[in-house]
Each structure stands twice: as structure tokens, then as C-alpha cells.
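> I'd like to ask some things about the structure below.
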Amino acid sequence: MGFEQKKDLLGLRELSREDIELILNIALPMKDVIKRDIKKVPTLRGKALATVFYEPSTRTRTSFEIAGKYLSADTVNLTVSTSSVLKGESLRDTIKTIEVMGFDLLVMRHSMSGAPHYVARNTDMRIINAGDGANEHPTQALLDIFSIREKKGSLEDLKIAIVGDILHSRVARSNIYGLSKFGCEIRVVGPSTLMPPEIEKLGVKRYYSLDEALDGVDVINVLRIQRERQQIGLFPSLDEYANLYMISPEHLLRARDDVLVLHPGPLNRGIEISSQIADSNVAVINEQITNGVAVRMALLFLMMGGARDEIAN
Ligand code: CP
Numbered sequence: 208m209g210f211e212q213k214k215d216l217l218g219l220r221e222l223s224r225e226d227i228e229l230i231l232n233i234a235l236p237m238k239d240v241i242k243r244d245i246k247k248v249p250t251l252r253g254k255a256l257a258t259v260f261y262e263p264s265t266r267t268r269t270s271f272e273i274a275g276k277y278l279s280a281d282t283v284n285l286t287v288s289t290s291s292v293l294k295g296e297s298l299r300d301t302i303k304t305i306e307v308m309g310f311d312l313l314v315m316r317h318s319m320s321g322a323p324h325y326v327a328r329n330t331d332m333r334i335i336n337a338g339d340g341a342n343e344h345p346t347q348a349l350l351d352i353f354s355i356r357e358k359k360g361s362l363e364d365l366k367i368a369i370v371g372d373i374l375h376s377r378v379a380r381s382n383i384y385g386l387s388k389f390g391c392e393i394r395v396v397g398p399s400t401l402m403p404p405e406i407e408k409l410g411v412k413r414y415y416s417l418d419e420a421l422d423g424v425d426v427i428n429v430l431r432i433q434r435e436r437q438q439i440g441l442f443p444s445l446d447e448y449a450n451l452y453m454i455s456p457e458h459l460l461r462a463r464d465d466v467l468v469l470h471p472g473p474l475n476r477g478i479e480i481s482s483q484i485a486d487s488n489v490a491v492i493n494e495q496i497t498n499g500v501a502v503r504m505a506l507l508f509l510m511m512g513g514a515r516d517e518i519a520n
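Residue 520, in my numbering, is where the sequence shown stops; the numbers in between run on with no holes.
Written as C-alpha cells, this is what we have:
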């Protein structure tokens, strides 16, 4: 089944390389739309999109909202902190309430792994997973892959290091599922307490030394330390973490001269990434955010039945 026939986007594990390439290729003309003076095409006129985020977000939620608006869809954001969720309304009843208002597609983020999968089974709306617990964040990985392909020209045979809190990272998992379909060598490195057991079963190489992990890499994807998901202290202190794993200029000496540094945001400056790197030319963090709008436009276009001739000019 091709991507356009799938009802939902829940993760990259279940997408084929061809599905991912289709989304990235549609994101190219979408990026052109964003650069125009008048950033509006009529292709999703009459369609309605809702976002419901049970966890905070700046990039993902805002970019879905503006992506829908650029494509002329009606977009509504349900703010959970001011909603009837606070009166005890269940997830199922909240989603049903949104569905019967006539929305076509729902973008949702939830702290529980599998929550969007549960919702997808219980609604006729199409569902996009905007991050579920430590499971997947497929649209982040798609924009990461788009950004790498845009800068490097191709994904084939690239060496990519994912650094930091692998255990809690849905970004890491979706990147691993996506990039492994393109023949990349994927390396992971971080504190042992933040490394899932048997991570190698996902087809990645585990490293115990940051310097060794960065040797000859084309891309470094730096993960955010997710203090909100740590029930117990999994490393002694943030200072110690920064001493061992913060990406700083000296680390780039190990990597290729044209290395790219990615970070999904929000940044913990001085903990997992130094400001010298975050604000330098090797970092593509701001481009990732712009590309996130283009990739989310492509997804909405494909999943809400956009017409291709309406994005051409
Ligand atoms: N990268 C990311 O998901 O950022 P937000 O939490 O701001 O959406």
C-alpha cells in the first residue's frame, strides 16, 4: 500500500523508502511556496485540520498550523491546558468531540507511547503522530532527513551519529527507522543509563566514546536532554553530562570537514550543545525549522487530498 492510501502517519517504522521519498519530493515545491511573497495556495480549501497537544510544543504545533494555513485549510488548535480535559474528559471522548465537528485530520502529541495508535483505531479522522512518549516523532525525522538530503545531495552511505539521551528520544527512534532505509551508517552514543538495552537490534552501531563515534561522520544529530521524562537521576549532574557529551568545536575535528550538526530543539545550550556550535555555520537548526513547515505541508497535502496543479504556481 502506497503512502497516499494509508489512513494515518503514526511512525516511520511502517513507511517504505518510497513513501519517505514521495513526502520529501512533495516538500520541495512546498518550500518554494514558503519563499513566495504570497504564501498561500488554494489546494486544501474546504478541508479542516485540528491539533491537540497533551505536551508542550513550539515548533511542531506552530508549523502544522501555518502549514495548514499556507495550503488554505481551516486550522484549529485545541489547547489542552484550557480545555475540558481539565474537567476529567477522557482522551476518547475528547477525540470524538473533535471528530463530530467535521475535522478531516487530527495532529496529536501525547506523553503515552501508543496514544495516537489507539486514537487512530477509534476515529475516521486521519491521524498524524506529533510525538508519542518515547516511541516516535515521525514528522521530526522526516524534516531531519529532508535537511540532510538537501545539504548533502544524497543520503546513500552517509555516516550519522546520534548523540545523547537515546533512551527517552522519540526523535532518535524515528531517525533510526527512517535513515536505515537509505543505506546510512547510524551510530549512537550517550551515557549507558540513557541507552536502551539491545539498541543494536535496530541496526545501529553503539559507541562508548564520543570521540570514536564522531570519527569521520557526515552528520551529528544532537538530542535534547529530556529532564521531564526522567523519574530518577540517570546521570550525576548536568555539569558532568556537559563535560562528557556536550558537542563543542573541538569535537568537530574528529568529523568530516563538511559535517552538519542537527538538533530538533528546544536547545539546552551549554548542556548537550555549546552556543559556539549552535550559532555556527555547521549547524542547520534554523533550516530544520523552516524545512519542518515544508515537510508538514507535504504531509497535509498528501493526506488531505491536495491537487498537484494547484501548487505549481
Ligand atoms: N522538535 C520539537 O518537537 O519541538 P517542539 O517540542 O517545540 O514541537
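Note that the Cβ used here is the ideal one computed from N, Cα and C, for glycine as well.
On the three-state DSSP scale, how would you describe arginine 243?
In the sequence shown, the residue the question calls residue 243 occupies position 36. Judged by DSSP in its simplified three-state form, arginine 243 adopts coil rather than helix or strand.
> Considering only the alpha carbon of each residue, which of Tyr277, Ser288, Val314 and Ala255 lies closest to aspartate 244?
In the sequence shown, the residue the question calls residue 244 occupies position 37. Looking at the Cα atoms, Tyr277 is the closest of the given residues.
> In terms of residues, what are the limits of the beta strand (DSSP E) holding threonine 267?
Stepping through the sequence shown from its first residue, residue 267 is reached at position 60. Per DSSP, threonine 267 is not a residue of any beta strand (DSSP E); the alpha helix (DSSP H) it occupies stretches across 266 to 277.
> Exposed or buried, lysine 247, counting other C-beta atoms within 10 Å across all chains shown (16 or more means buried)?
The residue you call residue 247 lines up with position 40 of the sequence shown. Per the 10 Å Cβ criterion, exposed.
> Tell me whether proline 263 counts as near ligand 1, meaning its Cβ is closer than 8 Å to at least one heavy atom of that ligand.
Here residue 263 refers to the residue found at position 56 of the sequence shown. Yes, since a heavy atom of ligand 1 falls inside the 8 Å radius drawn around the Cβ of proline 263.
> Does the region 259 to 278 come within contact of the region 501 to 516, defined as at least 3 CB pairs closer than 8 Å?
yes
> Could you check which residue in Tyr414, Pro345, Ile334 and Ile427 has the C-alpha nearest to that of methionine 511?
Looking up residue 511 in the sequence shown gives position 304. Checked all of Tyr414, Pro345, Ile334 and Ile427; the closest Cα to methionine 511 is Ile334.
> Within this structure, are the beta carbons of aspartate 489 and valine 424 separated by less than 9 Å?
For this step, residue 489 is matched to residue 282 along the sequence shown. For this step, residue 424 is matched to residue 217 along the sequence shown. The sequence shown places valine at residue 489, not aspartate. No, the pair does not count as a contact, with Cβ atoms beyond the cut-off.
> Nearest to proline 398 by CA position, among Met332, Phe389 and Leu374, is which residue?
To locate residue 398, count along the sequence shown from 1; it is residue 191. Of Met332, Phe389 and Leu374, the residue nearest in Cα terms is Leu374.
> Using the rule of at least 16 other Cβ atoms within 10 Å of the residue's Cβ for burial, across every protein chain shown, is glycine 295 buried or exposed?
Counted from its first residue, the sequence shown places residue 295 at position 88. Counting Cβ neighbours within 10 Å, glycine 295 comes out exposed, since fewer than 16 surround it.
> If the criterion is Cβ atoms closer than 9 Å, does the pair leucine 231 and arginine 356 meet it?
Counting from 1 along the sequence shown, the entry for residue 231 is found at position 24. Counting from 1 along the sequence shown, the entry for residue 356 is found at position 149. Contact flag set, yes.
> Does the pairing of the region 315 to 329 with the region 355 to 369 give three or more beta-carbon distances under 8 Å?
no
> Which residues bound the alpha helix (DSSP H) around aspartate 351?
Here residue 351 refers to the residue found at position 144 of the sequence shown. It spans 345 to 359 - the alpha helix (DSSP H) in which aspartate 351 sits, taken as one unbroken run.
> What would DSSP say about histidine 412, mapped onto helix, strand or coil?
Counted from its first residue, the sequence shown places residue 412 at position 205. The question names histidine, yet the displayed sequence has lysine at residue 412. In the three-state DSSP reduction, lysine 412 falls in the strand class (E or B).
> Look at the alpha carbon of glycine 477 and the alpha carbon of valine 370, and state the distance between them as a whole number of angstroms.
Indexing the sequence shown from 1 puts residue 477 at position 270. Indexing the sequence shown from 1 puts residue 370 at position 163. Straight-line Cα distance between these residues: approximately 15 Å.
> Would the beta-carbon of arginine 266 be found less than 8 Å away from any heavy atom of ligand 1?
Locating residue 266 in the sequence shown gives position 59, where the first residue counts as 1. Answer for arginine 266: yes, Cβ within range of ligand 1.
> Measure the C-alpha to C-alpha separation of aspartate 446 and leucine 401 and round it to an integer number of angstroms.
Counting from one through the sequence shown, the residue named residue 446 turns up at place 239. Counting from one through the sequence shown, the residue named residue 401 turns up at place 194. So the two alpha carbons sit approximately 16 Å from each other.
> Using a threshold of 9 Å, state whether the C-beta atoms of threonine 282 and leucine 256 are closer than that.
In the sequence shown, the residue the question calls residue 282 occupies position 75. In the sequence shown, the residue the question calls residue 256 occupies position 49. Against a cut-off of 9 Å, the Cβ pair of leucine 256 and threonine 282 comes out as a contact.
> Quick one: which unbroken beta strand (DSSP E) runs of 3-plus residues sit fully inside the region 369 to 440? Chain order, please.
Complete beta strand (DSSP E) runs here, min 3: 392 to 396, 412 to 414 and 426 to 429.
> Pull the bridge partners of lysine 366 from the DSSP assignment, please.
If you number the sequence shown from 1, residue 366 lands on position 159. Looking at the DSSP output, lysine 366 shares a beta bridge with Glu392.
> Any heavy atom of ligand 1 closer than 8 Å to the beta-carbon of proline 473?
Along the sequence shown, read from residue 1 onward, the residue named residue 473 stands at position 266. Answer for proline 473: yes, Cβ within range of ligand 1.
> Out of Asn336, Pro236, Phe260 and Ala420, point me to the one whose CA is closest to lysine 214's CA.
What you label residue 214 is simply residue 7 of the sequence shown in a count that begins at 1. Residue Asn336 is the option with its Cα nearest to lysine 214.
> Considering only the alpha carbon of each residue, which of Tyr325, Leu365 and Leu409 lies closest to isoleucine 205?
Residue 205 lies beyond the range of the chain shown here (208 to 520); nothing can be said about it.
> Quick one, which of Lys238, Phe442 and Glu211 has its alpha-carbon nearest glutamate 225's?
In the sequence shown, counting from the first residue as 1, residue 225 sits at position 18. Minimum Cα distance to glutamate 225 is reached at Glu211.
> So what does DSSP say about threonine 289, is it helix, strand or coil?
In the sequence shown, residue 289 corresponds to position 82, counting from 1. For threonine 289, the three-state secondary structure derived from DSSP is helix.
> Is histidine 375 close to ligand 1? I mean its beta-carbon at under 8 Å from any heavy atom of the ligand.
Within the sequence shown, numbered from 1, the residue matching residue 375 stands at position 168. Not under cutoff, so the answer is no.
> Check each candidate in Pro471, Ala327, Glu479 and Arg377 and name the one with the smallest Cα separation from aspartate 311.
Sequence index remark: in the sequence shown, residue 311 carries index 104 (1-based). Minimum Cα distance to aspartate 311 is reached at Ala327.
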